[in-house]
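Numbering (our numbering), first residue to last: 120 to 420. Take a look at the structure set out below.
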Amino acid sequence: MVVLNQNYFSGWRVKGFPGAKAIFYRGKIGIPVPPGQHQLKVYFWPRTFIWGLSLTLLAIGLSLWFLIRPFRKIWFVIIVSILFVISGSYLLFGLQSPPQIQTIKQALDKEFAGDLEGAATDFKTALTYYPESYPVYHQLGLILTKLGRFPEAVRYYQKALQLWPHWQEKPYYFGLAFYHGGEFAEAIKSFREEIRRFPGHLEAINNLAWLLATVPQEDLRDGSEALRLAKRACEATGYNNPIFLNTLAAAYAETGRFEKAIQTAQEAIEKALLNGQKPLAEKIQKRLKMYQTHQPYRGYR
Numbered sequence: 120m121v122v123l124n125q126n127y128f129s130g131w132r133v134k135g136f137p138g139a140k141a142i143f144y145r146g147k148i149g150i151p152v153p154p155g156q157h158q159l160k161v162y163f164w165p166r167t168f169i170w171g172l173s174l175t176l177l178a179i180g181l182s183l184w185f186l187i188r189p190f191r192k193i194w195f196v197i198i199v200s201i202l203f204v205i206s207g208s209y210l211l212f213g214l215q216s217p218p219q220i221q222t223i224k225q226a227l228d229k230e231f232a233g234d235l236e237g238a239a240t241d242f243k244t245a246l247t248y249y250p251e252s253y254p255v256y257h258q259l260g261l262i263l264t265k266l267g268r269f270p271e272a273v274r275y276y277q278k279a280l281q282l283w284p285h286w287q288e289k290p291y292y293f294g295l296a297f298y299h300g301g302e303f304a305e306a307i308k309s310f311r312e313e314i315r316r317f318p319g320h321l322e323a324i325n326n327l328a329w330l331l332a333t334v335p336q337e338d339l340r341d342g343s344e345a346l347r348l349a350k351r352a353c354e355a356t357g358y359n360n361p362i363f364l365n366t367l368a369a370a371y372a373e374t375g376r377f378e379k380a381i382q383t384a385q386e387a388i389e390k391a392l393l394n395g396q397k398p399l400a401e402k403i404q405k406r407l408k409m410y411q412t413h414q415p416y417r418g419y420r
């Protein structure tokens with residue numbers, strides 16, 4: 120995403136690659152750019168300005184026509200005045216910032232202040248003005264994810280990806296929403312992208328490992344990779360994080376190493392209880408019973 124330090128106005132245009140366009144991005148001009156090298160040409164050419172210019176030229180043409188033909192003065196004054204007023208209005212309006220931008224700025228202010236419900240409402244209002252704005256769909260999905268409204272967040276994330284499939288600003292949140300929304304393949308893609316950008320993001324590593332070990336669809340599971348990722352997260356935390364140990368146990372079970380799964384699950388339960396995470400310990404206890412009967416775990420956390 121290329122962001123220009125220039126306030127967004129309706130009418131900014133871009134040349135440089137097929138489908139290039141300028142979009143509203145946090146009050147500035149955003150240009151979604153696909154991978155590769157591109158030379159961009161950005162210019163301002165709003166439709167209202169074009170209409171105003173056209174009407175101005177028409178008014179000038181009529182003025183000249185009246186000058187070389189017999190006419191009644193009053194009609195000349197009335198017609199030309201009307202045309203100049205209309206064209207002037209179009210020209211001035213074309214150079215103004217659309218008032219709808221204030222709705223997005225207001226939404227961003229509310230999000231920054233912690234009023235996520237208010238921000239979500241304002242972003243939904245903004246979509247009535249900017250129905251093809253990737254950043255608005257993305258930001259709305261992000262807010263809904265933070266609010267725990269995952270199925271709703273998935274709808275907006277999917278629309279964002281339809282508009283611009285080459286870019287995810289915060290793929291970790293995409294992954295969370297897709298996972299809780301049951302879109303496991305998209306969740307895996309998003310977590311992989313997050314790890315590609317931020318190799319040290321342990322939560323993303325753990326979430327990807329969990330999916331690869333427990334997702335119901337057999338074609339999406341990969342026990343070997345899940346085990347490698349889970350060990351990576353546990354090693355980075357000294358095998359002290361019960362959530363990561365829970366994932367490691369699930370990965371062991373997926374690869375058929377049930378004795379290790381049982382041992383690791385018991386360690387996870389102990390760590391969770393020491394940390395005061397009794398609900399987590401109870402969940403792991405249920406999975407431990409499955410491992411003791413040589414059954415891998417399938418489903419959500």
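Where is the CB? At the ideal position from N, CA and C, for every residue including glycine.
Check                                                                                                                                                            : Outcome
Name the two residues that bound the continuous alpha helix (DSSP H) containing H320.                                                                            : Careful: H320 lies outside any alpha helix (DSSP H) and carries neither H nor E.
So, for K350: in the same chain, excluding its five sequence neighbours on each side, which residues have a beta-carbon less than 7 Å away from its beta-carbon? : L367
From G395, G418, E386 and N394, pick the residue whose C-alpha is nearest to that of Q404; which is it?                                                          : E386
Measuring alpha carbon to alpha carbon, tell me which residue in E401, F293 and E251 is nearest F269.                                                            : F293
Report the residue from E401, L392 and I381 whose alpha carbon sits nearest the alpha carbon of H413.                                                            : I381
Where does Q215 land, buried or exposed, given buried means 16+ other C-beta within 10 angstroms?                                                                : Here the model assigns Q215 a pLDDT of 49, short of 50, so the residue's position is not dependable, and the following value carries that caveat. When all chains shown are included, Q215 counts as exposed.
List the whole-angstrom C-beta distance separating K229 from A238, where the pair is believed to meet the contact cut-off of C-beta under 8 Å.                   : 4 Å
Is the distance from the Cβ of A352 to the Cβ of A328 below 8 Å?                                                                                                 : yes
Using CA atoms only, rank isn't needed, just tell me which of R316, Y291 and Y249 is closest to K265.                                                            : Y291
Any idea if T356 is buried or exposed, counting beta-carbon neighbours within 10 angstroms, 16 or more meaning buried?                                           : exposed
Which runs of the alpha helix (DSSP H) spanning at least 4 residues fall entirely within the stretch 313-387, listed in chain order?                             : 321-333, 342-355 and 361-373
Once the 5 residues before and after K289 are set aside, which same chain residues still bring their CB inside 7 Å of it?                                        : L261
Under the DSSP definition of a beta bridge, which residues are partnered with K160?                                                                              : K134
Rounded to the nearest angstrom, how far is the Cβ of V122 from that of G149, given a contact under 8 Å?                                                         : 5 Å
Would you identify the three-state DSSP class for L266, choosing helix, strand or coil?                                                                          : coil
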